Amino acid sequence: MNWIGQIDMRFNGPAYEPRYDKIRLTGQIMRIYKLMCDGRWRVLSEIAAATGDPEASVSAQLRHLRKLRFGAHTVERRRRGNPHEGLHEYRLLINLGSDVELL
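Following this note's numbering, the numbering of the sequence shown begins with 6 at its first residue and continues without gaps.
Written out as structure tokens, the structure is:
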């Protein structure tokens with residue numbers, strides 16, 4: 006199953022303009038999914054370094070991956086290192102029952 010052929014990439018937000026943003030955001034979510042589908046824990050900076058996407062965009066795309074239209078995957082979060090520093094790491098658990106395949 007091909008992700009782009011199977012779902013409508015419906016991003017949204019007050020500043021979202023499909024003609025400018027759809028291709029860029031689709032590329033971001035695909036890069037992040039492909040990296041994170043291995044189930045490894047990573048902090049936002051590690052994901053950003055591996056994909057070339059800004060940390061704020063990585064965070065937003067991880068939230069999108071939780072949504073039904075993007076597969077309703079589980080994105081787990083836990084603290085890394087000193088709990089007083091507020092550093093969190095994330096892990097993607099693929100929803101195997103989803104009709105959406107992001108490859």
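Just so you know, even glycine gets a beta-carbon here, dropped at the ideal spot from N, CA and C. As the structure is a computational prediction, the values presented were derived from the model and not from experiment.
Own chain partners of residue i with C-beta closer than 8 Å, once the 5 adjacent residues on each side are dropped
i          : result
residue 95 : 41, 46, 47, 48, 49, 52, 67, 80, 81, 82
residue 85 : 46, 48, 92, 93, 94
Residues near residue i in its chain [Cβ-Cβ closer than 7 Å; skip 5 each side]
i           : result
residue 162 : The structure shown does not extend to residue 162, since the chain is modelled only from 6 through 108, so no value can be given for it.
residue 60  : 49, 50, 53
residue 33  : 58, 62, 66
residue 36  : 56, 58
Backbone secondary structure at residue i - three-state DSSP
i          : result
residue 85 : coil
residue 96 : strand
residue 63 : helix
residue 47 : strand
residue 24 : helix
Residue burial classification, residue i (beta-carbon count within 10 angstroms, cutoff 16)
i          : result
residue 89 : exposed
residue 30 : buried
residue 97 : buried
residue 38 : buried
Proximal residues to residue i (C-beta, below 6 Å), its chain only, five neighbours per side dropped
i          : result
residue 55 : 40
residue 24 : none
Endpoints, the alpha helix (DSSP H) within which residue i is located
i          : result
residue 20 : First-last for residue 20: undefined, no H or E at that position.
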